[in-house]
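Working notes, structure below.
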Amino acid sequence: MKTRAVILAGGEGSRLGVLTAKRAKPAVPFAGKYRIIDFPLSNCVNSGIFDVMILAQYRPQSLIEHVGSGAPWDMNRDFTGGVKILSPYKARNDSDWFIGTANAVQQTFTFIKKDNPDLILILSGDHIYTMDYEPMISFHMDQQADLTMATFKVSLEEASRFGVLAVNSKYRVTSFVEKPPKPASTLANMGVYLFRRDLLDQVLWDDHQRTDSSHDFGKDIIPGLIKSKARVFAFPYTGYWMDVGTVSSYWQAHMDLLSPSPPLKLYNRSWVIHTRTEERPPARFPATAHVYASMICDGCFIEQGARVESSVLSPGAIVRSGAVVRESIVGTDGVVESGAVVERAVVDKRARVEQNARVGWGIADQQIKIALVGKNSTVPAGYTIEPEAEVSTDVIASDYDGNVVRAGQTIQTRRQANEV
1082 MKTRAVILAG
1092 GEGSRLGVLT
1102 AKRAKPAVPF
1112 AGKYRIIDFP
1122 LSNCVNSGIF
1132 DVMILAQYRP
1142 QSLIEHVGSG
1152 APWDMNRDFT
1162 GGVKILSPYK
1172 ARNDSDWFIG
1182 TANAVQQTFT
1192 FIKKDNPDLI
1202 LILSGDHIYT
1212 MDYEPMISFH
1222 MDQQADLTMA
1232 TFKVSLEEAS
1242 RFGVLAVNSK
1252 YRVTSFVEKP
1262 PKPASTLANM
1272 GVYLFRRDLL
1282 DQVLWDDHQR
1292 TDSSHDFGKD
1302 IIPGLIKSKA
1312 RVFAFPYTGY
1322 WMDVGTVSSY
1332 WQAHMDLLSP
1342 SPPLKLYNRS
1352 WVIHTRTEER
1362 PPARFPATAH
1372 VYASMICDGC
1382 FIEQGARVES
1392 SVLSPGAIVR
1402 SGAVVRESIV
1412 GTDGVVESGA
1422 VVERAVVDKR
1432 ARVEQNARVG
1442 WGIADQQIKI
1452 ALVGKNSTVP
1462 AGYTIEPEAE
1472 VSTDVIASDY
1482 DGNVVRAGQT
1492 IQTRRQANEV
């Protein structure tokens, strides 16, 4: 049986604030050296799937540059298989911007069904997890399923954030509700779908013709299949999975990596997370620097007297003497100058926190409130960025109205402010 994977990577990711101001959500950096899309891509190749199509839409440039020809994932193949990036296009008939996950697949299905794959594996490009898809494919074949959905258990308190399923003793799905206010189950949808190609072709076309549809897999396609008595099954997944669609979940996924027994195994040599990287010299820090429970990437420099605790420093990040970085993520080539404090914050690529500035701080009641500093921006010396405040991309000292950015406030460049 031939399986083709389709990765949905067109989302704007607005809940990630300034992190997605200049890039698609799947292109957001993660764990220092990776991008979020590296995880579904690596899951595919580690599962023996080398035929992948990526559906892109919002600000796809950095995603296209990162994936390139697919060489880091051994997908630079010209004739059979490999990785291809598809985006919306204007044609004489019905084609335009994608308006839902199902619509994205439907508009590009002419390319997706080329060469007649038997099965279509649909994946989200913005989830952090390691999963072998082969057992799910075998389960799908054994059950003679029309659709198999990967599922995992959540607490009742968080179930309303997900699509929730009910199944019988043979894992056949008997009901599905997208983000119910009062969940009746704790079995959640992961957004990993395995379809028979011919069935998917038909249901997408039927959905396309419905004027009352939102053209979404969770809201429209799956409930319709269950209602029609199609053979829909749930495949149980028990590993680590995180939807990093919010700033707090993005931050929490990084903190999970730094726990004494991290639930996500980045160091498993039998399941390598592949990525595109540039050559950097080894990280360097003297004995007088204080580094605790952190991930330090190549090219980083931590000066004497600096303190880095429970943090992730991306390639080329610099922490100067006397600076403190605690429970934070510092992006590629980010700089934290002497005396500055960065705590429970995300400082994006090439951002600079100048001397004695403060970005975020710990919250006494343990609520997760993260401060954000966007790509290429500067926090001037002595300034304070409060928790839940944001500094947009490309901000310079003259863009600030005062030396404190309050919670809920976003500082933009003069040009960005005029465009709103």
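All you need for my numbering is the position in the sequence shown, starting with 1, plus 1081.
Beta carbons: idealized from backbone N, C-alpha and C, even for Gly.
Being a predicted model, the structure only gives us computed values, none of them experimental.
Tell me, to the nearest whole angstrom, how far the beta carbon of residue i is from that of residue j; I am working on the premise that it is less than 8 angstroms.
| i | j | result |
| --- | --- | --- |
| residue 1268 | residue 1227 | That belief does not hold up - the Cβ atoms of residue 1268 and residue 1227 are roughly 19 angstroms apart, past 8 angstroms. |
| residue 1383 | residue 1372 | 6 angstroms |
| residue 1209 | residue 1111 | 7 angstroms |
| residue 1391 | residue 1374 | 5 angstroms |
| residue 1350 | residue 1225 | Not really, about 36 angstroms apart at Cβ, beyond 8 angstroms. |
| residue 1361 | residue 1412 | The pair is not a contact, with the Cβ atoms about 14 angstroms apart (cut-off 8 angstroms). |
| residue 1381 | residue 1114 | The pair is not a contact, with the Cβ atoms about 11 angstroms apart (cut-off 8 angstroms). |
| residue 1229 | residue 1316 | 5 angstroms |
| residue 1096 | residue 1143 | The pair is not a contact, with the Cβ atoms about 19 angstroms apart (cut-off 8 angstroms). |
| residue 1356 | residue 1153 | 6 angstroms |
| residue 1497 | residue 1473 | 6 angstroms |
| residue 1285 | residue 1187 | 4 angstroms |
| residue 1207 | residue 1324 | 7 angstroms |
| residue 1278 | residue 1194 | 6 angstroms |
Please report the distance separating the alpha-carbon of residue i from that of residue j.
| i | j | result |
| --- | --- | --- |
| residue 1168 | residue 1087 | 12 angstroms |
| residue 1148 | residue 1203 | 18 angstroms |
| residue 1231 | residue 1130 | 17 angstroms |
| residue 1200 | residue 1439 | 52 angstroms |
| residue 1136 | residue 1106 | 13 angstroms |
| residue 1358 | residue 1305 | 43 angstroms |
| residue 1429 | residue 1340 | 22 angstroms |
| residue 1386 | residue 1215 | 49 angstroms |
| residue 1376 | residue 1250 | 43 angstroms |
| residue 1461 | residue 1477 | 8 angstroms |
| residue 1220 | residue 1257 | 20 angstroms |
| residue 1493 | residue 1150 | 35 angstroms |
| residue 1236 | residue 1125 | 28 angstroms |
| residue 1263 | residue 1453 | 33 angstroms |
| residue 1333 | residue 1327 | 10 angstroms |
| residue 1449 | residue 1329 | 6 angstroms |
| residue 1314 | residue 1182 | 20 angstroms |
| residue 1321 | residue 1123 | 15 angstroms |
| residue 1211 | residue 1294 | 32 angstroms |
| residue 1091 | residue 1368 | 45 angstroms |
| residue 1388 | residue 1427 | 17 angstroms |
| residue 1159 | residue 1309 | 40 angstroms |
| residue 1424 | residue 1405 | 8 angstroms |
| residue 1083 | residue 1444 | 51 angstroms |
| residue 1296 | residue 1260 | 16 angstroms |
| residue 1335 | residue 1138 | 26 angstroms |
Between which two residues does the beta strand (DSSP E) containing residue i stretch?
| i | result |
| --- | --- |
| residue 1322 | 1322-1324 |
| residue 1132 | 1132-1137 |
| residue 1232 | 1228-1234 |
| residue 1274 | 1268-1277 |
| residue 1260 | Unbroken run through residue 1260: none, as it is neither H nor E. |
| residue 1185 | Not the beta strand (DSSP E): residue 1185 falls in the alpha helix (DSSP H), residues 1182-1188. |
| residue 1371 | 1371-1373 |
| residue 1201 | 1200-1205 |
| residue 1359 | Counting along the chain, residue 1359 falls outside any beta strand (DSSP E), and DSSP gives it neither H nor E. |
| residue 1426 | 1426-1428 |
| residue 1453 | 1452-1454 |
| residue 1405 | 1405-1407 |
What residues match up with residue i in a beta bridge as DSSP calls it?
| i | result |
| --- | --- |
| residue 1316 | 1231 |
| residue 1165 | 1134 |
| residue 1086 | 1133, 1202 |
| residue 1100 | Per DSSP, none; premise fails for residue 1100. |
| residue 1376 | 1393 |
| residue 1110 | 1116 |
| residue 1210 | 1322 |
| residue 1247 | 1256 |
| residue 1383 | 1400 |
| residue 1459 | 1433 |
| residue 1410 | 1393, 1427 |
| residue 1492 | 1472 |
| residue 1465 | 1439, 1485 |
| residue 1365 | 1382 |
Along the chain, where does the alpha helix (DSSP H) containing residue i start, and where does it finish?
| i | result |
| --- | --- |
| residue 1306 | 1303-1308 |
| residue 1093 | Unbroken run through residue 1093: none, as it is neither H nor E. |
| residue 1334 | 1328-1338 |
| residue 1476 | Element bounds for residue 1476: n/a, residue is neither H nor E. |
| residue 1216 | 1215-1223 |
| residue 1449 | Per DSSP, residue 1449 belongs to no alpha helix (DSSP H) and is neither H nor E. |
| residue 1145 | 1142-1148 |
At least 3 beta-carbon pairs within less than 8 angstroms: the stretch 1442-1457 vs the stretch 1418-1432:
Look at the beta carbons and you see the stretch 1442-1457 touching the stretch 1418-1432: at least three pairs across the two are nearer than 8 angstroms.
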